[in-house]
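Numbering follows the working numbering, with no gaps: position 231 of the sequence shown is 247.
Here a beta-carbon is modelled for each residue, glycine too, at the ideal position from N, C-alpha and C.
Notes for the one structure printed next.
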Amino acid sequence: MSGAADIRAQFDAENSGVGPAMTAYALGVLALVSFFNYADRMILSVIAEPLKRELGLSDANVGLLSGLIFALVYAVAGIPIARLADRTVRVRILGLCVMVWSVATALMGLAGSFLVLAIARMGVAVGEAGCIPISHSVIGDYMSPRRRALGISIFQAGGIAGLSVGLIIAAYLTGHFGWRTTLMAFGLCGLPLALLILFTLPEPAPRGARSEAGEPWYTAFVALMKRPPYRLIVAANTFGAFASYSLKLWMIPYFIRSHHLSVAEAGAWMGAASAAGGIFGVLVGGS
Numbered sequence: 017m018s019g020a021a022d023i024r025a026q027f028d029a030e031n032s033g034v035g036p037a038m039t040a041y042a043l044g045v046l047a048l049v050s051f052f053n054y055a056d057r058m059i060l061s062v063i064a065e066p067l068k069r070e071l072g073l074s075d076a077n078v079g080l081l082s083g084l085i086f087a088l089v090y091a092v093a094g095i096p097i098a099r100l101a102d103r104t105v106r107v108r109i110l111g112l113c114v115m116v117w118s119v120a121t122a123l124m125g126l127a128g129s130f131l132v133l134a135i136a137r138m139g140v141a142v143g144e145a146g147c148i149p150i151s152h153s154v155i156g157d158y159m160s161p162r163r164r165a166l167g168i169s170i171f172q173a174g175g176i177a178g179l180s181v182g183l184i185i186a187a188y189l190t191g192h193f194g195w196r197t198t199l200m201a202f203g204l205c206g207l208p209l210a211l212l213i214l215f216t217l218p219e220p221a222p223r224g225a226r227s228e229a230g231e232p233w234y235t236a237f238v239a240l241m242k243r244p245p246y247r248l249i250v251a252a253n254t255f256g257a258f259a260s261y262s263l264k265l266w267m268i269p270y271f272i273r274s275h276h277l278s279v280a281e282a283g284a285w286m287g288a289a290s291a292a293g294g295i296f297g298v299l300v301g302g303s
């Protein structure tokens with residue numbers, strides 16, 4: 017009996033009261049969240065050319081939609097959303113975030129001007145701002161410390177799939193049905209996922225102490241920035257995002273303009289290139 021008790025105690029310690037089947041289910045759902053998070057974020061790279069032609073936009077307009085407008089709202093909204101999630105039920109906030117960015121993505125498909133596109137794109141940024149911090153927090157409680165890197169890797173692999181398979185699907189839809197249909201299809205596909213999170217995903221018990229309710233967010237920020245490894249991670253992520261997102265946004269338009277590929281062909285090549293080493297690298301990095 018003592019052996020069985022030891023096994024049960026180890027199971028509870030490693031899974032924080034959540035069984036292995038539910039943990040696997042949660043990771044699968046969160047990987048889908050990551051898939052749509054990155055696919056909806058980068059879908060502008062696929063629809064850029066037909067979008068510009070129909071609405072009379074410039075490259076600068078597209079750059080603002082995918083870059084400055086999105087990034088500023090994303091960065092500012094992330095802190096209060098993560099703060100709210102710390103003090104409430106995280107999976108519920110995550111489900112609402114998925115719903116917000118999915119509806120905003122679909123609304124972009126109805127836009128008739130740059131202003132409407134910009135407002136809807138801000139909605140995408142607000143919703144997606146809560147995705148990564150909340151998902152990482154939830155995974156940290158679902159998984160034991162020794163398996164946490166694997167859980168994060170599975171989540172990130174979903175994002176890589178969104179940047180590869182998602183781009184291929186988006187390019188096919190855009191080439192055959194138009195950019196508006198593509199946006200509405202991707203947006204509407206996120207709504208069932210949001211409901212799945214809200215009604216089926218349990219909130220795991222926290223493994224560590226939550227931050228004090230009255231503690232200002234900048235107190236934690238200052239404490240983190242005092243750590244050299246954290247500063248290096250922030251710097252590396254900043255420069256990495258600057259390079260990678262610039263490339264991801266403009267490669268498909270480049271293939272279309274300079275090599276005369278169709279939207280479907282350019283998206284397929286870019287998606288295949290993203291998938292070639294991305295998913296494998298993320299999974300190996302967390303193993």
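Option nearest residue i by Cα separation, candidates the options
i      : options                        : result
Glu70  : Ser129, Gly175, Glu281, Tyr90  : Ser129
Ala136 : Ile150, Phe171, Gly203, Gly44  : Gly203
Ser52  : Pro222, Leu166, Gly143, Thr39  : Residue 52 is actually Phe in this sequence, not Ser. For Phe52, the nearest C-alpha among the options comes from Gly143.
Gly35  : Leu217, Arg103, Leu209, His275 : Leu217
Leu211 : Met38, Ala37, Leu48            : Leu48
Asp61  : Thr198, Ala165, Ala292         : First, the amino acid is wrong: residue 61 is Ser here, not Asp. The shortest Cα separation from Ser61 among Thr198, Ala165, Ala292 belongs to Thr198.
Val116 : Leu209, Ala91, Ala165          : Leu209
Pro66  : Gly293, Ala239, Ile268         : Ile268
Leu183 : Gly287, Tyr41, Arg243          : Gly287
Lys264 : Met58, Leu46, Gly44, Ala284    : Met58
Gly283 : Val45, Val181, Asp157          : Val181
Arg304 : Leu43, Pro232, Asp75, Ile213   : In the structure as shown, the chain begins at 17 and stops at 303. Residue 304 is therefore absent and cannot be evaluated.
Gly293 : Ile176, Ser260, Thr39          : Ile176
Tyr41  : Ile213, Leu110, Val89          : Ile213
Gly111 : Pro244, Ala141, Val45, Pro232  : Val45
Leu207 : Val119, Arg99, Leu43           : Val119
Residue i, DSSP secondary structure in three states
i      : result
Thr190 : helix
Pro220 : coil
Ala127 : coil
Thr235 : helix
Arg243 : coil
Val114 : helix
Ile278 : Strictly speaking, residue 278 in this sequence is Ser, with Ile absent from that position. Reduced to three states, the DSSP call for Ser278 is coil.
Val250 : helix
Asp22  : Caution applies to Asp22, whose pLDDT of 44 falls short of 50 and renders its modelled position unreliable; the value that the coordinates give is listed next. Helix at Asp22.
Val132 : helix
Gly35  : coil
Gly139 : helix
Gly146 : coil
Ala292 : helix
Trp285 : helix
Spatial distance of residue i from residue j (CA atoms)
i      : j      : result
Ala101 : Ile185 : 32 Å
Arg103 : Arg247 : 26 Å
Glu219 : Val105 : 7 Å
Val132 : Ala37  : 43 Å
Phe271 : Ser262 : 14 Å
Thr1   : Gly174 : What the structure shows of the chain is the stretch from 17 to 303, and residue 1 is not part of that stretch, so it cannot be assessed.
Leu123 : His275 : 32 Å
Trp195 : Gly139 : 18 Å
Thr235 : Leu166 : 30 Å
Ala221 : Phe193 : 45 Å
Val154 : Arg108 : 11 Å
Ser290 : Arg223 : 35 Å
Ala84  : Leu73  : According to the sequence shown, residue 84 is Leu rather than Ala. For Leu84 and Leu73, the distance between alpha carbons rounds to 16 Å.
Phe237 : Val92  : 14 Å
Ile168 : Ala201 : 27 Å
Ile170 : Val114 : 18 Å
Cys205 : Ala64  : 21 Å
Val250 : Leu126 : 36 Å
Met17  : Lys242 : Below a pLDDT of 50, predicted positions are generally treated as unreliable, and Met17, at 43, falls in that range; the measurement from the model is reported next regardless. Approximately 49 Å between the Cα atoms of the pair.
Ala55  : Leu179 : 6 Å
Lys315 : Ala239 : No answer is possible for residue 315: the residues shown for the chain start at 17 and end at 303.
Ala98  : Val89  : 14 Å
Check: residue i C-beta below 6 Å from any heavy atom of the ligand ATP
i     : result
Tyr41 : This structure simply doesn't include the ligand ATP, nor any ligand for that matter.
Quiz item: Using 8 Å as the threshold, is the stretch 154 to 162 in touch with the stretch 238 to 258, meaning 3 or more CB pairs across them?
Solution: As far as the Cβ criterion goes, the stretch 154 to 162 does not touch the stretch 238 to 258, which means the pair count is below three.
Quiz item: Which ranges would you report for the alpha helix (DSSP H) in the stretch 150 to 207 if only whole runs of at least 4 residues count?
Solution: The qualifying runs are 164 to 193.
Quiz prompt | Three or more C-beta pairs below 8 Å linking the stretch 182 to 196 and the stretch 278 to 292 | solution = A contact exists between the stretch 182 to 196 and the stretch 278 to 292.
Quiz prompt | Complete alpha helix (DSSP H) runs within the stretch 48 to 125 (minimum length 4 residues, chain order) | solution = 75 to 82, 84 to 103, 106 to 124, all fully within the stretch 48 to 125.
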